[in-house]
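Everything below concerns the one structure shown next.
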Amino acid sequence: MVELYSRAGSLLLINLATLLQLIIFAVAIVALGVPKLRFRSLLLIIFAAFAVSKFDDSWQLSGLALVYPQWTFIGALGGLVVGPSVYLYVLSRTREDFRLRPRHLLHLLWLLPPLAYLALIWWPLTPEQMIRAFVDGTLSNPIVLLIGPAYGDLLLTAYLALGIAELRRHGVALQQWFSNVEDRNLAGLRNLLSMFLLMVVLHLIWVWARGWVIDAQLSWLTMLLLSGYHLVLINGLYIEACTNPAAPEPVEAASEEVHAADAELSALCEAAEAQMNSKQSYLNPDLTVAALAYSLRVSPRLLSQAINHCRGQNFYEFVNRFRVAAAQRRLVDSPSESILEIAYACGFNTKSSFNTAFKRFAEMTPSGYRRSQRV
């Protein structure tokens with residue numbers, strides 16, 4: 002019994018710490034306007050949904066569910082709001098034209114099944130009947146132990162998949178218009194989606210342990226990990242928003258082609274390559290298709306289409322091909338320069354992007370290429 006109270010106390014402390022953290026972040030968002038995002042309201046909704054879920058967990062762990070049982074399970078409703086709000090948050094970070102519309106309320110339709118269960122089965126009970134259900138194990142039924150949690154996990158998984166697909170689309174579009182995308186591709190947000198996915202897996206383990214194996218030790222350890230993970234996740238969300246608050250880049254749809262003859266596209270592509278060679282435009286780490294198109298007196302969309310059509314590459318690959326060629330020359334001609342110095346000098350922003358591009362176009366690592374030229 003002492004061990005049971007100790008476990009519940011540990012979980013309660015973590016949940017209360019998460020609640021306190023959520024309150025602090027909410028105050029920062031509302032009162033201080035930090036982070037400076039276009040849609041701080043969506044971040045606030047995510048935190049509110051987590052807060053409702055954590056409140057419900059703390060309510061049960063503290064024993065208050067046996068005093069005021071009618072407030073129990075409301076946290077499940079908050080948990081179902083997390084997935085849709087995270088997906089809308091992703092859209093607000095990737096689409097310049099995103100606006101919150103009344104139609105987005107349709108995402109709340111997923112609340113209807115659990116609301117129907119609570120309204121038809123749970124809330125009609127008297128407080129005495131609810132307490133008896135807690136004590137005699139009536140709540141240990143498939144709906145509460147398995148179906149309900151699985152419903153929430155599947156919903157969150159679906160919205161995570163939509164968010165990842167949106168980030169992938171955004172990354173592809175960026176490569177059509179920018180020569181460096183590492184500071185624009187929302188890698189931190191992608192990592193957070195991976196963290197959400199891990200959260201789902203942890204919750205499924207918890208459901209499996211609680212509903213099938215009935216291993217109290219495994220179930221408690223999983224709940225402890227999950228509760229601690231929520232605290233880390235909330236901090237990650239806020240830190241990512243504060244460190245990457247910029248509005249999404251205005252990216253045109255690459256699928257909208259400009260009608261042009263093959264000969265015109267080929268001539269434009271050759272002109273772009275001549276410009277890159279003569280003026281070494283690729284050395285500019287912030288080179289964009291708009292800047293190169295301006296120097297050629299053509300529209301950015303037409304230039305992007307010419308590169309796609311004639312070279313089978315997007316603008317990101319097109320520029321990196323010249324950067325890698327320049328790096329190959331410097332690796333041989335400047336043996337005293339470090340690989341990182343050469344990467345920056347040739348227009349790359351990070352060592353990882355340099356290594357990836359070099360392996361693609363040179364089919365070996367930069368260090369391997371330098372060694373091969375010494376033989």
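In short: position in the sequence shown from 1, add 1, done, that's our numbering.
The beta-carbon is built from N, C-alpha and C at its ideal position, and this holds for glycine as well.
Could you spell out where the alpha helix (DSSP H) holding residue i opens and where it closes?
i: M200; result: 188-209
i: Y69; result: First-last for Y69: undefined, no H or E at that position.
i: T158; result: 149-178
i: G1; result: The requested residue 1 does not occur in the structure, where the chain is confined to residues 2 to 376.
i: P367; result: 367-375
Using a Cβ-Cβ cutoff of less than 7 angstroms, which residues in the same chain neighbour residue i once the five nearest sequence positions on both sides are dropped?
i: L266; result: Q306, A307, H310, C311
i: L119; result: F74
Look at the alpha carbon of residue i and the alpha carbon of residue j, and state the distance between them as a whole number of angstroms.
i: L116; j: G348; result: 56 angstroms
i: E271; j: D287; result: 22 angstroms
i: A255; j: F74; result: Any answer about A255 is weak, because its pLDDT of 47 lies below 50 and its placement is not dependable; what the coordinates show is given next. Looking at the two C-alpha atoms, the distance is approximately 46 angstroms.
i: P143; j: W221; result: 19 angstroms
i: N192; j: L113; result: 31 angstroms
i: I343; j: T357; result: 15 angstroms
i: R1; j: F40; result: Lying outside 2 to 376, the shown extent of the chain, residue 1 is not represented and no answer is given.
i: V333; j: R371; result: 6 angstroms
i: L1; j: R361; result: This structure cannot speak to residue 1, because the chain is shown only from 2 to 376.
i: A264; j: S282; result: 24 angstroms
i: I122; j: R302; result: 58 angstroms
i: L45; j: F26; result: 8 angstroms
i: A50; j: L23; result: 10 angstroms
i: V91; j: L190; result: 8 angstroms
Quick check on DSSP: helix, strand or coil for residue i?
i: T139; result: coil
i: F359; result: helix
i: S256; result: Only weak support is given to the placement of S256: the predicted model assigns it a pLDDT of 48, under 50, and the question is left unresolved by the model.
i: V3; result: For V3, the predicted structure reports a pLDDT of 45, less than 50, and the residue's modelled location is therefore unreliable. The matter cannot be settled from this model.
i: L126; result: coil
i: A133; result: Reading the sequence as shown, one finds Arg at residue 133 and not Ala. Residue state, collapsed to three classes: helix.
i: V182; result: coil
i: E241; result: helix
i: P246; result: coil
i: L12; result: helix
i: L17; result: helix
i: E364; result: coil
Kindly list the residues whose CB is nearer than 6 angstroms to the CB of residue i, restricted to its own chain and excluding five residues on each side of it in sequence; keep chain order.
i: F359; result: V325, P367
i: T158; result: V201
i: A9; result: L62
i: H108; result: P85
i: A134; result: L140
i: E183; result: N350, T351, S354
Within the same chain, show all residues whose beta-carbon is closer than 8 angstroms to that of residue i, passing over the 5 residues directly before and after it, in chain order.
i: S373; result: M365
i: V28; result: none
i: S379; result: Outside the shown range of the chain, which is 2 to 376, sits residue 379, and nothing can be said about it.
i: I235; result: T19, Q22, L23, F26, F48, F51
Could you check whether the Cβ of residue i sits closer than 8 angstroms to any Cβ belonging to chain D?
i: D58; result: Of the protein chains in this structure there is only one, and it is not chain D.
Task: Continuous alpha helix (DSSP H) assignments of at least 4 residues falling wholly in the region 24-112 - done: Within the region 24-112, the complete alpha helix (DSSP H) runs of at least 4 residues are 41-62, 75-95.
Task: Ordered list of alpha helix (DSSP H) runs contained in the region 259-346, each at least 4 residues - done: Here the runs fully enclosed are 263-280, 290-297, 301-312, 316-334, 340-346.
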